[in-house]
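115 is the number of the first residue of the sequence shown in our numbering; add one for each residue after it. The beta-carbon is built from N, C-alpha and C at its ideal position, and this holds for glycine as well. I have placed the structure first, in the form of structure tokens, so that the comments after it can refer back to it.
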Amino acid sequence: MSPAPVLAGIGLFIGYLLLMPVLWAKSVALALVVVATIGGYLAVGLGYYRHELFHSYYRPLTKPLYHLTSWLVFSDPQVFRIAHPLHHGAVHTHEDIEFFCERYATDPARRRRQFILELLFGNAAWELLTLARLKRERKYYRPLGFLSFFCRAGLVALLCWVSSRLNPGSAGVYLLCYALTLWWGAVVSRHNQWLEHLGIVSDGSFDERNLLTRNLPDTGALNWLWNLYHRNDPREHVLHHTKAGLHSRVVPFELPEGTRFTSVAEYPAILRQYWRTLHS
């Protein structure tokens, strides 16, 4: 697919960030509402596009845009690049490091700590914890990590400078709005992933494990809004694993027999059930 939607998403996110200090000066309450709605939607969108670029759904400029979308949400491209293939190949097993922490089966205290941190800080907590794990396991290339950090920090500094030029004295508000937006986007993105996969463990074949993925139909207002906010990622999520290199979000394949469905209303019960398993 053409990368035009990705470029539009990048432009809208930058424009949103530069306008937030103006809105904040007029009404803090309204600005916070915008962060939770428009800001979160745009941040989630960048994460979605980063994921699609990883799978080369958008061409050309796949690699540069993958890095740019990662940097804009202050994420290390290397961590996702290492972890995500394991999610596909080892979905719903303890080897899937996107959902199972180090020593998951033998260290319940670690399981609980990671769950609470991800509950509060979303994918930001997951990335920092996974980064530390990859370093311990010597799977992380540190020089590339340093370069990525400087690119992210440089991009933030550049946009902060632009904001200050457009609205003198707005640097602090700009950074606050940026941080709030990233935090909210990280939290809601993680909850979306949990709705799809949290607490599912199986030793079956890949097809059997994949069919356990929860999918969210567009039935009801809450489900529809959730799918809208998350770019329909959970609607046919089982297909993404089945056809990771072929699945088109625009014209998806027919859902396989035995597909599992859920709803937003059921999500609190999923969280409660998982929390109980963390103490066993």
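Does DSSP classify N237 as helix, strand or coil? Residue state, collapsed to three classes: helix.
Across the segment 206-216 and the segment 308-319, are there enough close Cβ pairs to call them in contact, namely three or more that are closer than 8 Å? With the cut-off at 8 Å, the segment 206-216 and the segment 308-319 touch.
Backbone secondary structure at N329 - three-state DSSP: Note: N329 maps to strand in three-state DSSP.
Which whole runs of the beta strand (DSSP E) in the segment 295-350 are 3 residues long or more, in chain order? With a minimum length of 3 residues, no continuous beta strand (DSSP E) run stays inside the segment 295-350.
Do you know offhand how far N281's Cα is from V149's? Approximately 19 Å, taken between the alpha carbons.
Could you tell me which of E310, E368 and L248 sits nearest to Q192, measuring between CA atoms? Closest by alpha carbon: L248.
Around the Cβ of Q387, are there at least 16 other Cβ atoms within 10 angstroms (buried) or fewer (exposed)? Under a 10 Å Cβ-count criterion, Q387 is classified as exposed, with fewer than 16 other Cβ atoms of the shown protein chains found around its own Cβ.
Is there contact between the segment 207-223 and the segment 327-335, where contact requires at least three CB pairs shorter than 8 Å? Segments in contact, no.
Is H393 buried or exposed, if buried means 16 or more other CB atoms sit within 10 Å of its CB? Exposed, by the Cβ-count rule.
Give the C-beta separation of T176 and L167 to the nearest angstrom, bearing in mind that I take them to be a contact with Cβ-Cβ under 8 Å. Here T176 really is in contact with L167; their C-beta atoms are around 5 Å apart, less than 8 Å.
For V158 versus G286, is the C-beta distance shorter than 8 Å? No.
Go to K140, then tell me how far its alpha helix (DSSP H) extends in each direction, as first and last residue. Looking at the DSSP string, the run of the alpha helix (DSSP H) that includes K140 is A118 to K140.
Just mark W185 as buried or exposed, buried being the case when its beta carbon has 16 or more other beta carbons within 10 Å. That one is buried.
When you compare only the Cα positions, how much space is there between V142 and L156? Computed Cα separation, rounded: 19 Å.
Could you compute how far the alpha carbon of A238 sits from the alpha carbon of S303? Computed Cα separation, rounded: 10 Å.
Going by Cα to Cα distance, which pick from Y292, F320, P178 and S319 is closest to W138? Checked all of Y292, F320, P178 and S319; the closest Cα to W138 is Y292.
Going by DSSP in three states, F214 sits in which element: helix, strand or coil? Residue state, collapsed to three classes: coil.
Using only the alpha-carbon positions, how far apart do Y255 and F127 sit? So the alpha carbons of these two residues sit roughly 29 Å apart.
Can you tell me the Cα-Cα spacing of V352 and F264, whole angstroms? Distance between the alpha carbons of V352 and F264: 36 Å.
Measure how close the beta-carbons of V136 and Y163 come, nearest whole angstrom, since I'm counting them as under 8 Å. Not quite, the Cβ-Cβ distance comes to about 26 Å (not below 8 Å), so this is no contact.
Same chain, Cβ closer than 8 Å to H305, five either side skipped, listed in chain order: If you ignore the 5 residues before and after H305, its C-beta comes within less than 8 Å of the C-beta of G236 and Y381, all in its own chain and listed in chain order.
Residues near L325 by beta carbon distance below 6 Å, same chain, minus five either side: Only G372 meet the Cβ criterion.
Out of curiosity, what's the CA-to-CA distance linking A219 and D210? Going from the Cα of A219 to the Cα of D210 covers about 13 Å.
Would you mind stating whether R349 and P370 have Cβ atoms separated by less than 8 Å? Cβ distance not < 8 Å, so R349 and P370 don't count as in contact.
Less than 8 Å between C-beta atoms, sequence neighbours within five positions excluded: which residues of the same chain meet that for N329? Result list for N329: E310, P348, R349, E350, H351, V352, L369, T373, R374, F375 and T376, in chain order.
From this set, L133, L245 and P178, which residue's C-alpha is nearest A197's C-alpha? Considering only L133, L245 and P178, the residue with the shortest C-alpha distance to A197 is L245.
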